[in-house]
Structure formats: structure tokens, C-alpha cells
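Asks:
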Amino acid sequence: MRHRQNRRNPHILAWTLAAAALQAAAPPTTTPAPSKCPRLSGGWYGDNRAHLQEVIDARGTCAGGTGHGRHPVAAFDWDNTITKNDVTDATISWALRHDKILRPARWKATSAWLTDAADQALTTACGTAVPVGAPLPTATNTPCTDEIFEIRDTGRTMSGAAAFAGTWNHRRTVPQYAWVPQLFAGHTVPELSSYARQARAEALAAPVGSTRVLGTHTIPAYVRYYAQQRDLVRTLHRAGFDVYIVSAGSEPVTEVWSRGVGIDAAHTIAIRSVLDRSGRITTLNQGCGGVPANRGAVIPYIDGKRCWINQEIYGVRGAAAWQRQEARHRTAIAGGDADTDVTFVGDATGAHLVVNRNKNELMCRAYDDADGRWVINPMFIEPLPRKQGLYPCSTSARTAPDGTLGPLRRPDGSIVPDLADTVY
Numbered sequence: 001m002r003h004r005q006n007r008r009n010p011h012i013l014a015w016t017l018a019a020a021a022l023q024a025a026a027p028p029t030t031t032p033a034p035s036k037c038p039r040l041s042g043g044w045y046g047d048n049r050a051h052l053q054e055v056i057d058a059r060g061t062c063a064g065g066t067g068h069g070r071h072p073v074a075a076f077d078w079d080n081t082i083t084k085n086d087v088t089d090a091t092i093s094w095a096l097r098h099d100k101i102l103r104p105a106r107w108k109a110t111s112a113w114l115t116d117a118a119d120q121a122l123t124t125a126c127g128t129a130v131p132v133g134a135p136l137p138t139a140t141n142t143p144c145t146d147e148i149f150e151i152r153d154t155g156r157t158m159s160g161a162a163a164f165a166g167t168w169n170h171r172r173t174v175p176q177y178a179w180v181p182q183l184f185a186g187h188t189v190p191e192l193s194s195y196a197r198q199a200r201a202e203a204l205a206a207p208v209g210s211t212r213v214l215g216t217h218t219i220p221a222y223v224r225y226y227a228q229q230r231d232l233v234r235t236l237h238r239a240g241f242d243v244y245i246v247s248a249g250s251e252p253v254t255e256v257w258s259r260g261v262g263i264d265a266a267h268t269i270a271i272r273s274v275l276d277r278s279g280r281i282t283t284l285n286q287g288c289g290g291v292p293a294n295r296g297a298v299i300p301y302i303d304g305k306r307c308w309i310n311q312e313i314y315g316v317r318g319a320a321a322w323q324r325q326e327a328r329h330r331t332a333i334a335g336g337d338a339d340t341d342v343t344f345v346g347d348a349t350g351a352h353l354v355v356n357r358n359k360n361e362l363m364c365r366a367y368d369d370a371d372g373r374w375v376i377n378p379m380f381i382e383p384l385p386r387k388q389g390l391y392p393c394s395t396s397a398r399t400a401p402d403g404t405l406g407p408l409r410r411p412d413g414s415i416v417p418d419l420a421d422t423v424y
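According to the working numbering, the sequence shown is numbered sequentially starting from 1.
1) Could you tell me how far apart the beta carbons of VAL261 and TYR225 are, in whole angstroms, since I believe they sit closer than 8 Å?
2) Mind checking which residues open and close the alpha helix (DSSP H) that includes ASP146?
3) Please say whether THR124 and GLY215 have beta carbons closer to each other than 9 Å?
4) Taking Cβ positions, are ARG152 and ASP89 nearer each other than 9 Å?
5) Identify whether LEU390 lies in helix, strand or coil by the three-state DSSP scheme.
6) Determine the contact status of ALA338 and ALA351, defining contact as a CB-CB distance below 9 Å.
7) Considering only residues of the same chain and omitting the five flanking positions on each side of THR404, which have a CB-CB separation below 8 Å?
8) Smallest Cα separation from SER250: which of VAL243, GLU382, ALA265?
9) Since THR83 sits in a beta bridge, which residues does DSSP pair it with?
10) Going by beta-carbon coordinates alone, are ILE82 and LEU122 separated by less than 9 Å?
11) Per the contact definition of three or more C-beta pairs closer than 8 Å, is the segment 239–253 in contact with the segment 293–308?
12) Taking 8 Å as the limit between beta carbons, can you name the residues of its chain near THR282, skipping five residues before and five after?
13) Rounded to the nearest angstrom, what separates THR188 and SER93 at their Cα positions?
14) How about SER414 and ASP231: do their beta carbons lie closer than 9 Å?
15) Name the DSSP beta bridge partners of TYR244, please?
16) So, with DSSP's three-state summary, where would you put THR268?
17) Could you name the residues of the same chain whose beta carbon sits closer than 6 Å to that of LEU192, not counting the 5 residues immediately before and after it, in chain order?
18) Round the Cβ separation of ASP421 and ASN360 to the nearest angstrom and send it over; I've been treating them as touching at under 8 Å.
19) Under the rule that 16 or more other beta-carbon atoms within 10 Å means buried, what is ALA19, buried or exposed?
20) In terms of residues, what are the limits of the beta strand (DSSP E) holding LEU183?
This is how it looks when you write it as C-alpha cells:
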């Protein structure tokens with residue numbers, strides 16, 4: 001049985017009851033005019049659609065507001081937030097099945113953290129017969145495809161050895177995510193965009209629930225835009241919001257998909273590769289928050305998503321971009337599905353939309369609902385079953401910059417208790 005979470009804390013509930021009592025004692029008034037703002041449609045869980053509509057009505061330019069002198073902003077993660085399944089994986093799958101990965105001079109040069117074990121596994125599996133810079137025959141070389149995809153998917157080699165090691169800020173990057181655009185080094189942006197378009201057509205044509213075999217891995221074959229999220233983006237645009245995508249995927253790939261919901265390249269933020277003089281992708285990516293171009297140390301990941309939003313949308317430069325900004329320099333609505341989204345989703349001032357994929361830190365924040373503005377929705381297609389047991393909020397929900405796990409704390413320092421999964 002599904003249970004609706006109580007999204008209001010006791011103080012808000014008491015205020016609401018008191019206001020209701022005063023209203024009951026007051027003389028009758030005329031019914032307020034209907035909102036001029038566009039209306040959300042589609043099936044949402046519980047009162048989620050109404051809650052989001054309240055924010056649209058209050059913040060949209062359609063209601064006469066200007067969002068503190070500018071259009072209000074909404075920002076969303078992409079993979080498994082706007083779409084069901086991962087468009088980066090769909091693109092990698094297509095590229096591997098069509099021999100689009102170019103052989104690097106040394107695999108270790110593709111990432112600052114790639115281990116000797118991963119370098120050896122990739123060199124052994126993919127061979128050295130192909131000239132440097134030429135396409136690897138991954139369509140027929142199953143071991144090579146397996147090693148590349150396993151490292152991307154799990155951060156380990158097919159033998160189980162760690163593929164990445166060293167020191168990085170675990171709230172600013174994860175090497176296997178940063179490795180994806182690095183895998184496409186040597187290609188131009190138009191080439192990568194072309195691969196993404198072909199992968200998109202293939203994934204949208206595949207039946208819901210279908211899988212394919214990639215090497216020896218079984219992976220989803222299909223991707224779908226969530227109808228409710230597409231409608232939400234459309235409604236936000238009509239209500240006067242500037243809507244952005246903020247993804248930890250490769251930007252040319254994300255741009256191909258974001259156009260499908262009416263979001264252009266200027267409003268799509270993802271990992272931005274540095275190009276060489278001939279316009280080809282390198283293993284460097286652009287920096288944020290005072291960090292210069294780097295080999296994957298700063299990407300739109302956990303706190304990195306806040307940094308990129310602050311820098312690219314609100315013009316906050318330097319170290320200040322890593323900090324939560326005042327309300328007028330924060331989004332009105334933000335949405336995500338994973339721990340990589342927890343910081344920027346929590347920064348929203350009107351609604352924190354969460355698609356439940358049972359991710360500890362994000363779901364602990366959502367179920368704790370400290371400000372009464374968290375909106376939790378099951379996945380719109382093939383939702384996950386209820387998580388068994390409690391989320392470990394009080395012990396190991398939060399990832400520290402050094403990668404260790406610890407308790408999740410509220411802004412006042414108190415620890416969030418372990419919480420049950422009730423929206424599924």
C-alpha cells in the first residue's frame with residue numbers, strides 16, 4: 001500500500017489550522033478570479049500537480065510577478081528525471097556498436113585517475129593493432145566493449161579491479177562520469193551530436209521495457225521522455241519561466257535530447273569539453289567556481305551542479321559560486337532523481353521535485369521535508385518497488401568530499417533520523 005507523505009511540518013500545519021479558523025469566522029468574500037497561468041496536466045502522484053501549480057501561479061510572469069526583476073528560473077537534471085533511462089548510456093551503446101571510439105595513445109591519458117589495472121585491462125582487451133586515433137572495432141571486439149562499458153558503469157574493470165584511484169572531491173566529480181566525454185576525445189562536437197541523434201532515434205523506437213546485449217552486458221534498449229515532465233517544462237515556459245537542464249552528461253549529447261522538450265543549447269548545462277584548435281574534443285573540460293580547465297575535477301555533480309547554476313545562470317564568479325546564494329539568485333523549482341542532484345534541488349525556493357529512485361541522500365532530504373516544499377513522485381514509467389528497510393539518514397546517507405559516508409544534517413546541525421520509503 002502506498003502512503004502519502006505529510007509534506008508540512010508541525011509549525012506550518014498549526015499556522016494553516018489557525019488561518020482556517022480565522023477565515024471561517026470572517027464574513028463571506030467573493031471567490032478569487034481564476035489564475036491566468038497555464039495549467040499542468042497529466043497524472044501525478046497525490047497532490048504533487050497542485051503543489052507545483054501553486055508555485056507556477058505564485059512565481060510565473062503569467063501571474064504578474066517578475067521573479068525579483070527577472071524571469072523566474074526552473075532547473076532540472078536530465079537522465080531519469082526528464083527521461084526514463086540514461087541518454088549517455090544510450091549514446092555510448094550506439095557508439096560502441098558502430099566503432100566510434102578512437103584508440104588513444106595511452107588509456108591512462110584519458111583520465112587523471114585511471115589505474116594501472118584499468119590501463120592494462122583496456123590495452124589487453126582493445127589491443128594495439130589499430131593506429132592511434134583510428135576507430136576501435138568495438139562492434140566485433142566483445143572484450144574491448146565490455147571493459148569500456150564496465151568501467152563507465154561501475155568504475156571497475158571486468159576482473160573487479162578499481163578502475164580509478166587517487167584524490168578527488170567526491171561532491172564535485174566522479175571519474176567514471178567525467179570519463180565519458182574523454183572517451184570521445186578526437187571527435188568534433190558535430191560528430192558526437194550526430195551519434196547522439198542516431199542513438200536517440202534508436203532508443204525512442206525501441207519498445208518500453210526492451211533490453212539489448214552490449215558486449216556481455218544487458219542494458220535498457222529504450223529511452224522515453226516522461227509525458228508529465230514534458231508538460232511541466234512546456235507549462236513553465238508558457239508561464240514565463242526560464243527553464244534549464246543541468247546534467248552530469250556530455251553537453252553535446254544532452255543538447256540533442258533537451259531540444260525534444262523545447263530547451264535550447266543556451267539553456268543546457270552539462271560537461272563542457274575543451275576543444276583543440278581544430279575543434280576536436282580533448283580530455284580537458286571547462287572549470288567552474290574559480291577552478292580553471294581541468295581533467296574532470298569539476299563537473300556538474302552534487303555541489304558542482306550548484307556551482308554551474310550560480311555561474312552560468314546567475315553570473316556568480318569565483319569561489320562564491322560554490323555557496324548557496326540569496327533567494328533572488330536561486331531557482332524557483334528544481335528537480336532531480338539522484339544524489340548527484342541533492343544540492344541544487346535543495347537550493348530551490350518554491351518546490352524541490354524528486355523522482356524516487358531510492359537514492360539515500362536525496363530521499364533523506366526529501367522525506368525529512370524540512371521546509372515543507374519537497375515534492376516526491378514515483379518514476380512515471382516502471383516505478384521502483386518500495387525500498388525495504390529505512391534510509392540510513394542518521395548514519396551513512398551523506399557523501400563527504402573525501403568520499404566517506406556519514407550522517408545527514410539539517411541546516412541547524414541536527415541529524416536527520418532514518419526514514420521509511422512511503423512514495424513508490
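Where is the CB? At the ideal position from N, CA and C, for every residue including glycine.
Replies: Short version:
1) The residue you call residue 261 lines up with position 261 of the sequence shown. The residue you call residue 225 lines up with position 225 of the sequence shown. About 7 Å separates the two Cβ atoms, so the contact holds.
2) Numbered from its first residue, the sequence shown carries residue 146 at position 146. In this chain, the alpha helix (DSSP H) harbouring ASP146 covers 142–154.
3) Within the sequence shown, residue 215 is the residue found at index 215, counting from 1. Within the sequence shown, residue 124 is the residue found at index 124, counting from 1. Contact flag unset, no.
4) Position 152 of the sequence shown holds residue 152. Position 89 of the sequence shown holds residue 89. Closer than 9 Å, so yes.
5) Within the sequence shown, numbered from 1, the residue matching residue 390 stands at position 390. It is a strand residue.
6) For the purposes of this step, residue 338 is identified with residue 338 of the sequence shown, where counting begins at 1. For the purposes of this step, residue 351 is identified with residue 351 of the sequence shown, where counting begins at 1. For ALA338 and ALA351, no; Cβs fall outside 9 Å.
7) The residue given as residue 404 occupies position 404 in the sequence shown. Result list for THR404: empty, nothing under 8 Å.
8) In the sequence shown, counting from the first residue as 1, residue 250 sits at position 250. The residue with the shortest Cα to Cα distance from SER250 is ALA265.
9) As a position in the sequence shown, residue 83 is number 83, starting the count at 1. Answer is ASP79, TYR225, bridged to THR83.
10) Start at 1 with the first residue of the sequence shown, and residue 82 comes out as number 82. Start at 1 with the first residue of the sequence shown, and residue 122 comes out as number 122. Going by beta carbons, ILE82 and LEU122 fall outside the 9 Å limit.
11) A contact exists between the segment 293–308 and the segment 239–253.
12) Locating residue 282 in the sequence shown gives position 282, where the first residue counts as 1. The residues are ALA185, SER273, VAL274, LEU275, ASP276.
13) Residue numbering aside, residue 188 sits at position 188 when the sequence shown is read from its first letter. Residue numbering aside, residue 93 sits at position 93 when the sequence shown is read from its first letter. Between THR188 and SER93, the alpha-carbon positions lie close to 19 Å from each other.
14) For this step, residue 414 is matched to residue 414 along the sequence shown. For this step, residue 231 is matched to residue 231 along the sequence shown. Remark: C-beta atoms of SER414 and ASP231 do not approach each other more closely than 9 Å.
15) Position 244 of the sequence shown, counting from 1, holds the residue named residue 244. Bridge partners of TYR244: ALA75.
16) As a working note, residue 268 is residue 268 in the sequence shown. Note: THR268 maps to strand in three-state DSSP.
17) Mapped onto the sequence shown, residue 192 falls at position 192. These residues qualify, in order along the chain: PHE184, PRO252.
18) Looking up residue 421 in the sequence shown gives position 421. Looking up residue 360 in the sequence shown gives position 360. Rounded to the nearest angstrom, the Cβ distance from ASP421 to ASN360 is 11 Å, too far for a contact under 8 Å.
19) Here residue 19 refers to the residue found at position 19 when the sequence shown is read from its first residue. Because ALA19 carries a pLDDT of 37, less than 50, the predicted location of this residue cannot be relied on, and the following value inherits that uncertainty. ALA19 should be labelled exposed.
20) Indexing the sequence shown from 1 puts residue 183 at position 183. No beta strand (DSSP E) contains LEU183, which is instead part of the alpha helix (DSSP H) from 175–183.
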